[in-house]
Amino acid sequence: MTRRIALLPGDGIGPEVTAEAVKALEALPGLSFEFEEFSMGAGEYLRSGDPMPEETFARLREFDAVLLGAMGLPGVRWPSGIEMTPQLDLRERMDLYCGLRPIRLYHASHTPLKDLRSGDIDLLLVRENTEGLFSTRLNPLDREADSAEDRLLITRRGAERVCRAAFEQARLRSRRVALVDKANVLPSMAYFRMIFDEVAAEFPDVEADRIYVDAMALYLVQCPGRFDVLVTENMFGDILSDLAAGLVGGMGMAPSADIGDRHGVFQPSHGSAPDIAGQGRANPVATVLSAAMMLDWLGAPAEREGAARIRRAVEQVLSQDGAGTRDLGGRMSTSELGTVISEAII
Ligand code: ATP
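Here it is in structure tokens:
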């Protein structure tokens with residue numbers, strides 16, 4: 000079976016890292032892919048006036064999965080001054096409510112923390128992707144008004160489905176989930192916790208914990224090895240996933256999968272990193288690992304085996320001292336690292 004994959008390389012370092020993920024997928028024995036590339040993002044806005052042309056969006060649903068690089072550029076904004084974020088529009092319009100963001104330490108030298116070894120940090124952040132504090136993000140900004148406000152929306156449906164997804168993920172891992180909230184202060188968060196508790200009762204075999212977000216920021220730095228699956232609101236997930244990425248080598252090490260009931264978009268957690276774009280400095284590992292998550296989600300046994308092959312290759316390459324791009328303390332370019340990973344796939 001040939002899988003049809005829509006490629007959205009996007010802006011900044013997006014095309015550079017996407018090319019390396021395609022290289023890894025093409026190196027997999029026994030799997031076949033047909034890639035079709037589409038233009039979306041800040042570059043497309045400059046070309047056509049629309050960062051996500053409707054015809055392109057409509058076509059994405061024809062594909063088995065979408066692999067995305069990164070979108071947006073700081074200098075390209077809507078007239079309101081807000082950056083364009085078609086990757087967020089995609090999550091909302093395709094109802095990709097579950098953001099899976101695995102964080103794993105591959106080499107002791109990648110972390111700023113002391114006395115850790117490869118594998119000592121291995122957690123999965125599950126981010127609610129379609130509501131929370133992002134729910135009114137498209138409201139116009141009134142610069143003349145005396146105040147501005149955003150709404151933190153938690154719906155029963157939104158909370159139930161993301162909590163259920165987190166418990167299901169925990170069943171595939173160490174059967175522990177922690178809800179990260181602010182239930183002591185915000186009624187919306189107390190509501191989220193109430194629903195988490197209801198869902199927890201459906202999974203008596205999974206240990207459920209509840210931790211305030213401020214405490215979690217502290218614990219992630221002090222004792223990240225204590226956690227397995229974390230589930231949280233959209234904005235908290237956005238912030239904590241960058242913090243967690245910083246514990247394992249930075250944004251170039253943080254893959255993600257945005258999954259709904261029918262569609263999946265796979266992309267690194269990072270943005271377009273314009274500061275390093277076009278220099279061959281971007282770390283492609285996050286995107287390569289996002290491609291592995293895509294294979295797991297596609298789900299045929301050969302695809303799951305392909306995902307494991309990619310992860311083993313990344314593990315093997317990064318276990319060597321000094322291997323990697325500059326952000327990891329290495330000297331390889333984006334394509335050199337992508338090539339050694341592809342060559343390590345067996
Ligand atoms: P967004 O809000 O769109 O997610 P951001 O503002 O958080 O983006 P990023 O583009 O993710 O910013 O970049 C944050 C920092 O991480 C920058 O210094 C950038 O160079 C670095 N960075 C991001 N991705 C990579 C990568 N793949 N390899 C190396 N460094 C990266």
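Per numbering that gives the first Met the number 0, numbering of the sequence shown is gapless, rising by one per residue and ending at 345.
Heads up, the beta-carbon is just placed ideally off N, CA and C, and yes, glycines get one too.
Cβ of G270 versus every heavy atom of the ligand ATP: is any distance shorter than 7 angstroms? What you label residue 270 is simply residue 271 of the sequence shown in a count that begins at 1. Checking the Cβ of G270 against the ligand ATP gives yes.
Is any non-hydrogen atom of the ligand ATP found closer than 7 angstroms to the C-beta of I238, if you look at the structure I gave you? Taking the sequence shown and counting its residues from 1, the one referred to as residue 238 is at position 239. Answer for I238: no, Cβ out of range of the ligand ATP.
Just checking my contact of L6 with E35 at CB under 8 angstroms: how many whole Å lie between their CB atoms? Translated into positions along the sequence shown, residue 6 becomes position 7. Translated into positions along the sequence shown, residue 35 becomes position 36. So it is a contact: roughly 7 angstroms between Cβ atoms.
For A18 and R330, I'd like the C-alpha separation in whole angstroms. Within the sequence shown, the letter at position 19 stands for residue 18. Within the sequence shown, the letter at position 331 stands for residue 330. Cα-Cα distance, rounded: 19 angstroms.
CA-to-CA distance, A147 to A285, given in whole angstroms: Stepping through the sequence shown from its first residue, residue 285 is reached at position 286. Stepping through the sequence shown from its first residue, residue 147 is reached at position 148. About 35 angstroms.
Given a cut-off of 8 angstroms, decide if M234 and A64 are closer than it, judged by their beta-carbon atoms. The residue you call residue 64 lines up with position 65 of the sequence shown. The residue you call residue 234 lines up with position 235 of the sequence shown. The answer is no: Cβ separation not under 8 angstroms.
Going by DSSP, name the residue or residues bridged to Q266. What you label residue 266 is simply residue 267 of the sequence shown in a count that begins at 1. BP columns for Q266 point to S255.
I want to check one thing, is the minimum distance from the CB of M83 to the heavy atoms of the ligand ATP below 7 angstroms? Residue numbering aside, residue 83 sits at position 84 when the sequence shown is read from its first letter. Incorrect: M83 has no Cβ contact closer than 7 angstroms to the ligand ATP.
Cβ pair S334, Y105 closer than 8 angstroms: One-based indexing of the sequence shown puts residue 334 at position 335. One-based indexing of the sequence shown puts residue 105 at position 106. It is not a contact, given that the beta carbons lie outside the stated cut-off.
Restricting to Cα atoms, I'd like to know which of R174, V176 and E130 is closest to R155. As a first step, residue 155 must be located in the sequence shown, where it is residue number 156. Of the listed residues, the one whose Cα sits closest to R155 is E130.
Distance, S187 Cα to N128 Cα: Counting from 1 along the sequence shown, the entry for residue 128 is found at position 129. Counting from 1 along the sequence shown, the entry for residue 187 is found at position 188. Taking the straight line from one Cα to the other gives about 16 angstroms.
Just to check, is the beta-carbon of D326 closer than 7 angstroms to a non-hydrogen atom of the ligand ATP? Residue mapping note: residue 326 aligns to position 327 of the sequence shown, counting from 1. Because some heavy atom of the ligand ATP lies under 7 angstroms away, the Cβ of D326 counts as near it: yes.
Report yes if the C-beta of P267 is less than 7 angstroms from at least one heavy atom of the ligand ATP; otherwise report no. Taking the sequence shown and counting its residues from 1, one reaches residue 267 at position 268. Yes - the ligand ATP has a heavy atom lying nearer than 7 angstroms to the Cβ of P267.
L246 and P223 - do their beta-carbons sit closer together than 8 angstroms? The residue you call residue 223 lines up with position 224 of the sequence shown. The residue you call residue 246 lines up with position 247 of the sequence shown. Contact flag set, yes.
Ignoring anything shorter than 4 residues, give me the alpha helix (DSSP H) runs that lie fully in the segment 277-343, in order along the chain. 284-297, 300-317 and 333-343
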